[in-house]
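Colleague: Going line by line, the protein sequences match chains A and B. Under UniProt numbering, the first residue of the first sequence is numbered 1, with each subsequent residue one higher. Under UniProt numbering, the first residue of the second sequence is numbered 1, with each subsequent residue one higher.
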Amino acid sequence: MKRKRTSESRERKEEEDRRTDERKEKEDRLSDLRDERKEKEDILSDLPDEVLQHIMEFLPTTQAIQTCVLSKRWKNLWKGLTTLTFLFINGGIRNYNRYLVNHVLSNRDDSISIHKMFLTIYNSTKVLNNAIKYASEHHLQELQLLIMEFKQTPNSFIPLTINCKSLTLLVIYSNSSSFPLILPPSFAIASLKTLLLFNVSFTARDDNNCAEPFSECTSLITLVLERSMHTHSTKTLCISSPSLSVLDMKNILYWDYFEPEIVLSVPKLKSITLENDRFSMRYRFSCTCDLPLLTEVKISNRVYVDPSIIIHWLQIFSNVRMLTICSRTLNMLKDIGLDALEIQPPCFARLESLKIKMHFGMVMSKTELNMVVNYLWNCQKTNVKVMEC
Amino acid sequence: MKMMKPYVWLQTSDDSIQQVEQEIAMFCPLICQEIIQKGMGSSKNCAICLPQQVSPAMLSLILDYCRFHQVPGRSNKERKSYDEKFVRIDTERLCELTSAADSLQLKPLVDLTSRALARIIEGKTPEEIRDIFHLPDDLTENVEVEEEHVDDRSVDDLLSFINGNDGGKLNILTILIFVFT
C-alpha cells in the first residue's frame, strides 16, 4: 500500500517535471520567434505610407485603428485614412459603435479630408448628425448609411447631408421594419451622381400632391428606388432630371392598395429596370418624352397585373434596343394575343435583341410563349434576336 | 518588309536591360511618361531606368498582368478570376509586387494587391500580423504590453460576438458596398 502511494507520487512528480519542461520549451520557442522576427526584415518597410493606408482602407475601421499597436511606424498611420467603415450590425454593439465613431472622428488627423464613409447607426440621431456634420466639413464624396432600430427613421440629418457640397454618391438604407425616412420636398445636392434610397417616402412641394424631389440634383446619373411609395406618401411622384441615365425601381410600392402615379421626365434615360416580386405594380406610369436615347429595358414582374398595364409599359419604352423580360411577365400576356384587335401591340422600331429570362417551374408552355412573342414582335421588320436565358 | 512590333528597352534594379513590347509596357503610367515626355527607351543605350523597387522577377509578373488585361474582349468574369489567381502568391512576394506596382504608378494592380494584403490582415490579432510581416515589436515593450493586451481581447470578443450573430444583415451592407466600390 505504502509502495503504491510512493509510486503514485513519483508519477505525479514526473508529470510535473514534464509540464515544466514543456512550458520552458514553449517559452524558448516564443523567444526564438521574437529573435527571428528581429532578424528578419520587415517586409512592409518598402511600402510608402500611402500604400499602407490604402491597404487599411479595405479593412473595417475597427481593425484599421487597431493597427496603431503594431509598431512605431503604424502608430499614427490610421489617422490619415480617407475611407471610414463603421460596419457594426449587431444590436449588442450599439454603444461600442457610438464610442468608436466619436473616437475616430475626434482623434483622426483633422487636416485630411474624408473620401468615403460607411456608417451603421442604431437609434442615436446625435452620432449620425455629428458624423455627417464632420464629414461635410471634410469634403466627403461618398456616403452610405444603414439606419437601424428607429421607430421613425429620423430625417434631421438630411439638411446636413444636403450641406455636403462635394457628395457624388449617397446610399440611404433605412431598415424596412421602421417607418420610412421622410424625404423633404427638395433634395438639392447638385454634385450628386448616384443616389440609392431604400424605404423612403416622398413629400409634395405644395398643395398639388405632387412630389418632385430630384429636379435639383442636376448631375444625377443613376437613381435606384426601392420600397419607397407608401400610403402616406404623396400620390404623384415626378422623377424629373435633365441628366439621369440609369433608373432602377425595385418593389417601389409598399402597399398594394395604394395606386400612385409616376411621371418620368428624363430625356437622357438610357437604361431602366422595373422589378417587382412583392406587391402588384399598380401605379400609373407616364413619360413626358419619347426617350430617344433609351438602350436597355429590363422588366421583371412576378406579381399578377392586368396585361394592358404591361402593354402600356412596352409602349412607353418602344424606343428600346435591348429588352429583357421575364417569362412570368410574358405569361400575363398570353390571353391577349387571341384578341389582338383590342389592344394594339407596341411598335419597336429600333429593337435589336430580346432576351427572355426563364423562371424555373413556369406553367407557360413553349407554344404559349411563342404566341406571345409573335404577337409582340412578329410585325417587326428588323431581325430581332430572341434569346432564352 | 515585315512590320516590326515596336519595342521598348527597360533597365531593372539589378542593372540588367531587357526588351519589352511597347504597347504592354505603356500600361504603366511611369513608363508611358518616360516614352512620351522624354523620348526614352528607344534603344539599349537610352533604356528607361525603372525604380529601385522593380526587380526583374517583379517586372515579369507585372508585364504578365498587363499582357492579360491589354487583350480586348475579355469578360469581367475572366478578368476577375485571372486577378484572383494572380495574387495567390506568398505574402513576401505580394508585398514586393505592391511596392513595384506602386512605383510604376500602376493603380489597378496596387488596388488588387492591397485588397489581397487587407484580406491577409483581416481578423488577425496584432501579434499575428507582426509575425506575418516581420514587423518590429518596438511599441509593445514594457508597461504598454499589459494594457494593450487587455484592449485587444475586448475588441476580439466584440468582433466574434458580431460575427457569430446576425450575419444575414451584414450581407445587405456588404452587397451595397461592393456595388459601389
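Cβ atoms here follow ideal geometry from the backbone N, Cα and C, with glycine treated the same way. Please read these numbers as outputs of a predicted model, since none were measured by experiment.
Would you decide whether B:S16 is buried or exposed? Buried here means 16 or more other CB atoms lie within 10 Å of its CB.
Modeller: So B:S16 counts as exposed.
Colleague: By the DSSP assignment, the beta strand (DSSP E) with A:L261 in it spans what residues?
Modeller: It should be pointed out that residue 261 of chain A corresponds to Glu in this sequence rather than to Leu. Looking at the DSSP string, the run of the beta strand (DSSP E) that includes A:E261 is 261-265.
Colleague: In three-state DSSP terms, what is B:N142?
Modeller: At B:N142 the pLDDT is 47, less than 50, meaning the model places this residue with poor confidence; the figure from the coordinates comes in the next sentence. Three-state DSSP puts B:N142 in coil, outside helix and strand.
Colleague: Taking only the alpha-carbon atoms, compute the straight-line gap between residue 391 of chain A and A:N76 and give it to the nearest angstrom.
Modeller: In the structure as shown, chain A starts at 1 and stops at 389, and residue 391 of chain A therefore has no counterpart that could be examined.
Colleague: Determine the DSSP secondary structure at A:N90, reduced to helix, strand or coil.
Modeller: Note that A:N90 scores a pLDDT of 48, beneath 50, so its modelled location is shaky and nothing firm can be said.
Colleague: Considering only residues of the same chain and omitting the five flanking positions on each side of A:Q144, which have a CB-CB separation below 6 Å?
Modeller: Excluding residues within five positions, the ones whose Cβ falls inside 6 Å are F118, V171.
Colleague: For B:E148 and chain A, any beta-carbon pair shorter than 8 Å?
Modeller: Reliability of the predicted coordinates at B:E148 is poor, the pLDDT of 40 falling under 50, and no value is obtained from them.
Colleague: Rounded to the nearest angstrom, what separates B:E148 and B:L139 at their Cα positions?
Modeller: The predicted position of B:E148 is uncertain, since its pLDDT is 40 and thus under 50; a value taken from the coordinates is nonetheless stated next. Taking the straight line joining both Cα atoms gives about 10 Å.
Colleague: Taking the alpha-carbon of A:L376 as reference, which of A:K357, A:A349, A:M358 has the nearest alpha-carbon?
Modeller: It is A:A349 whose Cα lies nearest to the Cα of A:L376.
Colleague: Below 8 Å on the Cβ atoms is my guess for A:I221 versus A:S245; work out the distance and round it to an integer in Å.
Modeller: Yes, they are in contact, since the Cβ atoms of A:I221 and A:S245 sit about 5 Å apart, within 8 Å.
Colleague: In whole angstroms, give me the CA-to-CA distance for A:M229 and B:E34.
Modeller: So the two alpha carbons sit approximately 56 Å from each other.
Colleague: Please confirm whether residue 461 of chain A has its beta-carbon closer than 8 Å to some beta-carbon of chain B.
Modeller: One cannot answer for residue 461 of chain A here, as it falls past the ends of chain A, which runs 1 to 389.
Colleague: Taking a contact to mean a Cβ-Cβ separation below 8 Å, would you say A:Y283 touches A:L247 in this structure?
Modeller: No; because the gap between Cβ atoms is not below 8 Å, this pair is not in contact.
Colleague: Just to make sure I have the definition right: I need the residues of chain A whose C-beta is within less than 9 Å of the C-beta of B:A25. Which are they?
Modeller: Near B:A25 there are no residues of chain A at all, since even the closest Cβ is about 22 Å away, more than 9 Å.
Colleague: So for A:M371, helix, strand or coil by DSSP?
Modeller: Note: A:M371 maps to helix in three-state DSSP.
Colleague: I want to verify the contact list: residues of chain A whose CB lies under 9 Å from the CB of B:V110, in sequence order.
Modeller: Within 9 Å Cβ-Cβ: V51, H54.
Colleague: Could you name the residues of the same chain whose beta carbon sits closer than 8 Å to that of A:A135, not counting the 5 residues immediately before and after it, in chain order?
Modeller: I114, M117, L143, C164, listed in sequence order.
Colleague: Which of helix, strand or coil does DSSP assign to A:K165?
Modeller: A:K165 falls in the coil class under three-state DSSP.
Colleague: Between A:E275 and the rest of its own chain, which residues show a CB-CB distance below 6 Å, the 5 nearest in sequence each way excluded?
Modeller: K250, S300, listed in sequence order.
Colleague: Should A:D206 be labelled buried (16 or more other beta-carbon atoms within 10 Å of its own) or exposed?
Modeller: Exposed, since its Cβ has fewer than 16 Cβ neighbours within 10 Å.
Colleague: Give, in chain order, every unbroken run of the alpha helix (DSSP H) that is at least 4 residues long and sits entirely within the region 44-84 of chain A.
Modeller: 49-56, 61-66, all fully within the region 44-84 of chain A.
Colleague: When DSSP builds the beta bridges, which residues end up paired with A:I182?
Modeller: In DSSP, A:I182 forms a bridge with A:S201.
Colleague: Comparing the C-beta of B:S99 with each C-beta of chain A, is any distance below 8 Å?
Modeller: It does: the Cβ of B:S99 has a partner Cβ on chain A nearer than 8 Å.
Colleague: Determine the contact status of B:T91 and B:I120, defining contact as a CB-CB distance below 8 Å.
Modeller: Against a cut-off of 8 Å, the Cβ pair of B:I120 and B:T91 comes out as a contact.
Colleague: So, with DSSP's three-state summary, where would you put B:L61?
Modeller: Helix, per DSSP.
Colleague: What number of angstroms, rounded off, separates the C-alpha of A:H312 from the C-alpha of B:K85?
Modeller: Each residue's alpha carbon lies about 48 Å from the other.
Colleague: So, is A:E14 buried or exposed, given that buried needs 16 or more other C-beta atoms within 10 angstroms?
Modeller: Result: exposed.
Colleague: Determine the DSSP secondary structure at B:A118, reduced to helix, strand or coil.
Modeller: B:A118 falls in the helix class under three-state DSSP.
Colleague: Mind pulling the chain A residues with CB within less than 7 Å of B:Q53?
Modeller: Residues of chain A passing the Cβ test: D46.
Colleague: Beta-carbon separation of A:T188 and A:I162 under 8 Å?
Modeller: Looking at the sequence itself, residue 188 of chain A is Ala, so the reference to Thr does not match. For A:A188 and A:I162, yes; Cβs fall inside 8 Å.
Colleague: How many angstroms separate the CA atom of B:P29 from the CA atom of A:G80?
Modeller: Their Cα atoms are separated by approximately 25 Å.
Colleague: DSSP puts A:Q144 in a beta bridge; with which residues?
Modeller: Bridge partners of A:Q144: A:F118, A:V171.
Colleague: Report the rounded CA-to-CA distance for A:P60 versus B:L117, giving the unit in angstroms.
Modeller: A:P60 and B:L117: Cα-Cα distance of roughly 14 Å.
Colleague: Output, in chain order, the set of chain A residues within a Cβ distance shorter than 9 Å of B:S13.
Modeller: Residues of chain A passing the Cβ test: none, with the nearest at roughly 12 Å.
Colleague: Quick one: using the 10 Å Cβ neighbour count with 16 as the cut-off for buried, is B:D102 buried or exposed?
Modeller: Buried.
Colleague: Let's test the definition: count the other Cβ atoms within 10 Å of the Cβ of A:R98 and tell me whether it reaches 16, buried, or not, exposed.
Modeller: Buried is the call here.
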